[in-house]
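**Student:** Take this structure first; my questions come after.
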Amino acid sequence: MNKEKTINHPTNICTMQIESFKKFLKEEIITTLKSLNNINQSNFKIKADIQKVKYKRPKTSSQKCINTNKTYSIGIYVPFTIKYKKKIIIKNKYLFLAELPLITSEGTFIINGIKRIIINESVRNPGLYISIDKENSLSATIIPKLGTWTTIKSTKTNDLYIKFDNIKKKFPITTLLQSIGLSTKKVFSTINDKKTMLRLISKEKNMNTELALMKITKIMLKKGNNLKNSRRIIYNIFLNKNYYNLGEIARNQINKKLYSNEFLKRELILTPEDILGTLNYLINSRNNISNNNIDDIDDLKNKRIKLIGEIINNEVKISINELRKNIIKKLSKLEIQINKKKQKINIKGILNTKILTMPIQKFFNSSPLSQIAEETNPIAEITHKRKVTFLVSNSQSKKTSNLQIREIHPSHYGKICPIETTEGKNAGLVWSLAKETRINKYGFLETPFFKTIKKNIKEIIYLNSTKQINNFSVKKLNQRKNIKLLYPISNVQMISMGTSLIPYIEHNDANRALMGSNMQKQALCLLNKEIPILGTGTEKLIANISGSNIISKSSGIVKYASLKKVIIHEKLDTKCKLTQNKNIEKFTRSFLRKIKQKNFGITYKKYIKRTYFLKKEKKSNQSTYLHQIPVVEKQQWVKKGQILAEGWGTKNGNLSIGRNILIAYIPWKGYNFEDAIIINKKLVNENIFTSIHIKKYKTFLTKNETGEEKLSRNIPNITKRERNNIKKNGIIKKGTFIKENEILVGKIKKDKNIDPTTKLLELIFKKERIKDSSFRMTKRNKGTILDVKILKKKSISIIIYVVEKRKIQLGDKVSGRHGNKGIISKIVNPENMPYLQDGTIVDMILNPLGIPSRMNVGQVFECLIGLAGKNLKENYKLSSFNKSNKENSSLKILYQKLYETREKTKKKWIFDFNYPGKMKILNGRTGEIFKQNVTVGYAYMLKLIHLVKEKITARSLGSYSIITKQPLKGKAKQGGQRFGEMEVWAIEAFGCAYLLQELMTIKSDDTINRYKTLYALTEGEFLPKPQVPESFKVFILELQSLCFDISIYRKENDRNIF
């Protein structure tokens, strides 16, 4: 097939989010604010000119908001006209309405100095749905965009009832039909099943419209009512445009199901004809239950995606209604006070802006959709923005969601990744968008296809689950007769960005592919970056759209380049000597001729100046190091789309989050048992897996009963080194290397807790006693001072950023791209590590037993193709699911490259014909050859953010559980170390009875002896004998609650009461 057209890059979800937010500010918020347009309360009339709404720019830049812990937001101002007794008090005066967080160019929000992302939400699509329950009873549900859900249900006895979602009781469908004015004649002419309708109508022979209305309101309100109120209640349920709105999507769907083209409805309310048509559709579906009328709620055609604009608009709608009620309430109070001549008209008190601002702030701070942005590496940032959750608005929870909701659906192809999801309770409820998918204006997911005629590509079309092209639906694309029409545009368009980075993914089990894609998001950006030998071709794309690299928006000449910014002049002065500069690319004669002829519209001595600001030594939300370095020079010509600066996790324009490491699959003295990993000390010494981290330290100058703190360098009893590190104002100097317990901020205050003798000496010598209250570096931490910020608000606060280089160490977690993760158990000197026949020492030893049971064979292919690439000094791009070659194409390519390596390097041991993919290696300790051949190669290994330094903790003081009286778990709660069931077995196996008894009682939840032990240790006495632990008492009480007569006895007839 001649593929003339391709998609250069997938739809950027960040751009779609920004466009959604712009639409909210331009259109949606105006519609939402209409409820404030006309407010009439007694003698007051308030009119808001919504069309002239204005937005006040943010007071500070986004970066300054991060530094000062502020919210990057805009102010909403609306012109109000207020009249009192036809007298104009205010005319078109702009009043402040609310503060709204503003989206940044990266698609994030800055809330209290923290970058946050709003997750896309998947919701049930408005429309008409037929469903079937466990008892094979059918029901038709009409879901509007705004308003009450209406359900018509068929029972076992073939009766038909209608129910509204906010009312528990149901009533006969015929009663409703009569109450909304549908005659028996019209009902009979519409319903196909005459027998059913005759039976239902015969049950209510003497019912007319008035009686039907009264009956419905009596059922709904549990009491009688007059006719006027009954009509109003029915009208407000689904005929009032202010309370009920089907929406354009639902109306189109209902029209397709219920009406022919000549009878299509345009109203966005639920008409009587819609209810009658729904009833007819349900009866027809019940009579022909084998047909395809039953809707699949898991199909993507019945779901849509809510972007940022719509999510925020829904929050604003709720608050606007509350604001309107509050205004009316205040106006009525103000009217009473004016009549009593107690108060003048105060306009500021009428409009309470907190009613609108506070819920918006609450949404951004605490909503499950508002999450702290993941900035560990570029792929983590992209994946977080492309997440879709199904948990918030769909009444689904982690516990109640069944497997049917979680599993993969055929309609997900090309739209939702079948591999990448969260592990654990949220599996299948949080999705990741596929690589090429986009969201259309209605919120439906679409995926691209090549439309072909006679095997030639004519155009690229985007399809969702409901669209049909030339009567061929997407569901039928797998049939042979339709393959000639549509082709997928890519081999990997069905998987996500992160998953597409895994080479040989087709050789991996899906569970391990999921782990691999998730762990790539946890990989730290290293100090010394390296591009993978084997890539998939997606690395450059991710580096560009993630925001890590700065890309030129147009062609021009670089006029200035530094670590702070890059300035480009986009329109050139034609008098400049282009050809004399070595850095400028060679121009063709035709291009220079066009410039002289002004074919590009360039005038002399005129240009557009564009400035690109770089991120310099910034701290991410995960405390990693963000930094961008320019890769262009002054007077260099750059093209549109060229990289101007490289950021964290990228090298030469490609994603770079790991290192190519020489690995061997061999057991080694038991140190790599159960996924443990042995590494060469060279990885530590040569900073191969060294990462940079930034920690933030904050302190205040306090003023309380004990005294007022002051900044000072003259601190008593400190070393000369510490004093030299501090400036005159008492704050540590930038660039200083600091160790644990050293002073960061020097603070002193008067010591008031002194005896009378000391007070007398102070008066004699006229010197005050000073107490050291300095802010010091925390334990087990060290680093270099990166930056110091002093913020002056109510009290002076000092923020210090400390940079720390962390080398790889025992207990750190490393991983490959295939879910092959492990903890470093041993760091071995290079001379003791196994080595190849040419003397190359192995860097990392993995356990070969980790491959067969996990079925992630892709790692073996990767390490062997990496061995060939390293020796041939080549890099490869290999697309997954490549069907262009025949069967076993992966093996053929691999053997071909290994054989080529053998011939070119003259290293015959690299490719042994008897044991292809394995070789003889030598033992570093003995110098002897291992008995068995070993698989050795270069794999791309990642250092994960789960560092042992962050995990290790010790409990000294901490709280206890109320029920079991045991220490809490977790580092954040100063919890204790869990000693579980398997750990008990280990102690039992060694026969340490007294140690086990001590762990299970005194050190855990024997509350009485816990305090006695502390006393015994301080006084040097013998430890008390353990007694019954609290958890066992709880167990006994639980048995007693189940009516078991069980108690604990120390001796005969001596009951232990507790």
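Per the UniProt record's numbering, the sequence shown starts with residue 1, numbered consecutively. Glycine included, every Cβ here is placed at the ideal spot set by N, Cα and C.
#1: Run the CB neighbour count on tryptophan 985, radius 10 Å, all protein chains shown included, and call it buried at 16 or more, exposed below.
#2: Can you tell me whether DSSP reads asparagine 120 as helix, strand or coil?
#3: Could you spell out where the alpha helix (DSSP H) holding glutamate 1038 opens and where it closes?
#4: Taking only runs that begin and end inside the region 414-472, name each unbroken beta strand (DSSP E) of 3 or more residues, in chain order.
#5: Can you tell me where the beta strand (DSSP E) with alanine 48 in it begins and where it stops?
#6: Buried or exposed: where does leucine 1039 fall if 16 or more other Cβ atoms within 10 Å of its Cβ makes it buried?
#7: Figure out for me which residue from Ala645, Arg406 and Leu270 has the closest Cα to the Cα of glycine 424.
#8: Per DSSP, what are the beta-bridge partners of lysine 93 in this structure?
#9: If you run the structure through DSSP and keep just helix, strand and coil, what is alanine 954?
#10: Give me, in chain order, the residues of the same chain whose beta-carbon lies closer than 8 Å to that of lysine 22; leave out the 5 immediate sequence neighbours on both sides.
#11: Extract the residue ranges of the alpha helix (DSSP H) inside the region 811-882, only unbroken runs of 4 or more that lie entirely within it.
#12: Any chance the region 486-497 sits against the region 430-448, with 3 or more Cβ pairs inside 8 Å?
#13: Give the range of the alpha helix (DSSP H) segment to which methionine 1000 is assigned.
#14: Which residues bound the beta strand (DSSP E) around arginine 232?
#15: Determine which residues share a DSSP beta bridge with asparagine 660 and list them.
#16: For the beta strand (DSSP E) that contains glutamine 371, what are its first and last residues?
#17: I need the boundaries of the beta strand (DSSP E) containing glycine 990, first residue and last residue.
#18: I think aspartate 295 touches tyrosine 161, with their Cβ atoms under 8 Å apart; what is that distance to the nearest whole Å?
#19: CB-CB under 6 Å to methionine 833, same chain, minus the five flanking residues each way: which ones, in chain order?
#20: In or out: aspartate 133 buried (at least 16 other Cβ within 10 Å) or exposed?
#21: Compute the distance between the beta-carbons of valine 803 and lysine 943, then report whether it is under 7 Å.
#22: Please confirm whether isoleucine 845 and tryptophan 668 have their CB atoms less than 7 Å apart.
#23: For asparagine 549, I'd like the list of residues in its chain whose CB is within less than 6 Å of its CB, leaving aside the five on either flank, ordered along the chain.
#24: Tell me whether leucine 578 sits in a helix, a strand or coil according to DSSP, three-state version.
#25: Does DSSP classify asparagine 599 as helix, strand or coil?
#26: From the DSSP output, in three-state form, read off tryptophan 637 for me.
#27: Runs of 3 residues minimum, wholly inside the region 666-694: which ones carry the beta strand (DSSP E) assignment?
#28: Could you check which residue in Thr108, Lys779 and Thr699 has the C-alpha nearest to that of glycine 746?
#29: What residue range is occupied by the uninterrupted alpha helix (DSSP H) comprising glutamine 63?
#30: For tyrosine 1011, count neighbouring Cβ atoms within 10 angstroms of its own Cβ and tell me buried if that reaches 16, exposed if not.
#31: Would you kindly work out how many angstroms separate the C-alpha atoms of proline 811 and threonine 71, rounded to a whole number?
#32: With isoleucine 74 and arginine 57 assumed to form a contact (beta carbons below 8 Å), what rounded beta-carbon distance in angstroms separates them?
#33: Should proline 756 be labelled buried (16 or more other beta-carbon atoms within 10 Å of its own) or exposed?
#34: Taking the C-alpha atoms as reference points, what is the distance between phenylalanine 930 and lysine 907?
#35: Between which two residues does the beta strand (DSSP E) harbouring aspartate 274 extend?
#36: Just how far apart, CA to CA, sit proline 848 and proline 503?
**Tutor:** Checking against the coordinates, here is how it stands:
#1: The residue you call residue 985 lines up with position 985 of the sequence shown. Burial call: exposed.
#2: Your numbering for residue 120 matches position 120 in the sequence shown. Strand.
#3: Locating residue 1038 in the sequence shown gives position 1038, counting from the first residue. Where glutamate 1038 is concerned, the enclosing alpha helix (DSSP H) stretches over 1030-1041.
#4: Listed in chain order, the complete beta strand (DSSP E) runs (minimum 3 residues) inside the region 414-472 are 430-432, 445-453 and 456-463.
#5: Along the sequence shown, one-based indexing puts residue 48 at 48. Where alanine 48 is concerned, the enclosing beta strand (DSSP E) starts and stops at 44-48.
#6: On the sequence shown, position 1039 is the one that residue 1039 refers to. So leucine 1039 counts as exposed.
#7: Here the question's residue 424 lines up with position 424 in the sequence shown. Measuring from the Cα of glycine 424, the nearest candidate turns out to be Arg406.
#8: Stepping through the sequence shown from its first residue, residue 93 is reached at position 93. Bridge partners of lysine 93: Phe80.
#9: Position 954 of the sequence shown, counted from the first residue, corresponds to residue 954. Coil, per DSSP.
#10: Counting from one through the sequence shown, the residue named residue 22 turns up at place 22. Gly309.
#11: 858-872
#12: yes
#13: The residue you call residue 1000 lines up with position 1000 of the sequence shown. Taken as a continuous stretch (DSSP letters only), the alpha helix (DSSP H) holding methionine 1000 covers 993-1000.
#14: Against the sequence shown, residue 232 aligns to sequence position 232. Premise fails: arginine 232 lies in the alpha helix (DSSP H), 227-238, not in any beta strand (DSSP E).
#15: The residue given as residue 660 occupies position 660 in the sequence shown. According to DSSP, asparagine 660 bridges with Tyr940.
#16: Within the sequence shown, residue 371 is the residue found at index 371, counting from 1. Residues 370-372.
#17: Numbered from 1 along the sequence shown, position 990 holds the residue referred to as residue 990. A small correction: the amino acid at residue 990 is phenylalanine; glycine does not occupy that position in the sequence shown. Premise fails: phenylalanine 990 lies in the alpha helix (DSSP H), 981-990, not in any beta strand (DSSP E).
#18: On the sequence shown, position 295 is the one that residue 295 refers to. On the sequence shown, position 161 is the one that residue 161 refers to. Between tyrosine 161 and aspartate 295 the Cβ distance is about 20 Å, and since that is not below 8 Å, they are no contact.
#19: Along the sequence shown, one-based indexing puts residue 833 at 833. Closer than 6 Å at the Cβ level, and outside the excluded window around methionine 833, lie Asn680, Ile841, Val842 and Gly924.
#20: As a first step, residue 133 is located in the sequence shown; it is residue number 133 there, counting from the start. Exposed, since its Cβ has fewer than 16 Cβ neighbours within 10 Å.
#21: Residue 803 sits at position 803 when you count from the first residue of the sequence shown. Residue 943 sits at position 943 when you count from the first residue of the sequence shown. Going by C-beta atoms, valine 803 is not nearer than 7 Å to lysine 943.
#22: Here residue 845 is taken as the residue at index 845 of the sequence shown, counted from 1. Here residue 668 is taken as the residue at index 668 of the sequence shown, counted from 1. It is a contact, given that the beta carbons lie within the stated cut-off.
#23: For the purposes of this step, residue 549 is identified with residue 549 of the sequence shown, where counting begins at 1. Here the set comprises Ala543, Ile643, Glu646, Gly647 and Thr650.
#24: The residue you call residue 578 lines up with position 578 of the sequence shown. No answer about leucine 578 holds up, because its pLDDT of 40 lies below 50 and its placement is not dependable.
#25: Residue 599 sits at position 599 when you count from the first residue of the sequence shown. Caution is warranted here: a pLDDT of 37 is assigned to asparagine 599, below 50, making its placement in the model unreliable, and the coordinate value is therefore given only provisionally. Here asparagine 599 carries a coil assignment [DSSP, helix/strand/coil].
#26: Within the sequence shown, residue 637 is the residue found at index 637, counting from 1. Of the three classes helix, strand and coil, the one that applies to tryptophan 637 here is strand, per DSSP.
#27: 677-680
#28: As a working note, residue 746 is residue 746 in the sequence shown. Ranking the options by Cα distance to glycine 746, first place goes to Thr699.
#29: Here residue 63 is taken as the residue at index 63 of the sequence shown, counted from 1. 62-67 is the extent of the alpha helix (DSSP H) around glutamine 63.
#30: Here the question's residue 1011 lines up with position 1011 in the sequence shown. Flag for tyrosine 1011 reads exposed.
#31: By 1-based counting over the sequence shown, the position of residue 811 is 811. By 1-based counting over the sequence shown, the position of residue 71 is 71. As written in the sequence, residue 811 is glycine, which differs from the proline given in the question. Looking at the two C-alpha atoms, the distance is approximately 38 Å.
#32: Numbered from its first residue, the sequence shown carries residue 74 at position 74. Numbered from its first residue, the sequence shown carries residue 57 at position 57. Their Cβ separation, rounded to whole angstroms, is 7 Å, which keeps isoleucine 74 and arginine 57 in contact under 8 Å.
#33: Locating residue 756 in the sequence shown gives position 756, where the first residue counts as 1. Burial call: exposed.
#34: For this step, residue 930 is matched to residue 930 along the sequence shown. For this step, residue 907 is matched to residue 907 along the sequence shown. Taking the straight line joining both Cα atoms gives about 19 Å.
#35: By one-based count along the sequence shown, residue 274 stands at place 274. It is not in any beta strand (DSSP E) - aspartate 274 instead sits in the alpha helix (DSSP H) that spans 272-287.
#36: By one-based count along the sequence shown, residue 848 stands at place 848. By one-based count along the sequence shown, residue 503 stands at place 503. Between proline 848 and proline 503, the C-alpha separation is close to 20 Å.
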